[in-house]
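A.B. asks: Quick one: the structure is below, and I'll ask about it shortly.
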Amino acid sequence: FEETLTVVAREGTPHVMCSYLYDLAGLFSGFYEHCPILSAESEETRNSRLKLALLTAKTLKLGLDTLGIETVERM
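Heads up, the sequence shown is in the numbering used here, so the first residue is 226 and it goes up one at a time.
Below, the structure written as structure tokens:
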């Protein structure tokens, strides 16, 4: 993410951030479909998956904020 942010800031190419966020959302969607989070087989796995979900959400929010796109806390 840092590298993408640097490129966007240096070169003024917001579409690079859009592509990054789109790809990230797609990858997480695939992960979420195949890897249950709350019903994971162990507490350690569940906690790891929850952390991944949280970090993904934070990255998406920061990227969208960078583009000037407001996000909602809950749907």
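Built from N, CA and C at the ideal position, the CB exists for glycine as well.
Would you give the residue range spanned by the alpha helix (DSSP H) that residue 234 belongs to?
C.D. replies: As a working note, residue 234 is residue 9 in the sequence shown. Per DSSP, residue 234 belongs to the alpha helix (DSSP H) from 227-236.
A.B. asks: Taking all protein chains shown into account, decide if residue 242 is buried (16 or more other Cβ within 10 angstroms of its Cβ) or exposed.
C.D. replies: Sequence index remark: in the sequence shown, residue 242 carries index 17 (1-based). Buried: at least 16 other Cβ atoms inside 10 Å.
A.B. asks: What number of angstroms, rounded off, separates the C-alpha of residue 229 from the C-alpha of residue 251?
C.D. replies: In the sequence shown, counting from the first residue as 1, residue 229 sits at position 4. In the sequence shown, counting from the first residue as 1, residue 251 sits at position 26. Spanning the two alpha carbons is a distance of roughly 17 angstroms.
A.B. asks: Kindly indicate which three-state DSSP category residue 265 falls into: helix, strand or coil?
C.D. replies: On the sequence shown, residue 265 is found 40 positions in, with the first residue counted as 1. DSSP places residue 265 in coil when its eight states are reduced to three.
A.B. asks: Short check: CB of residue 291 to CB of residue 226, under 7 angstroms?
C.D. replies: As a working note, residue 291 is residue 66 in the sequence shown. As a working note, residue 226 is residue 1 in the sequence shown. Their beta carbons are not under 7 angstroms apart, which means residue 291 does not touch residue 226 by this criterion.
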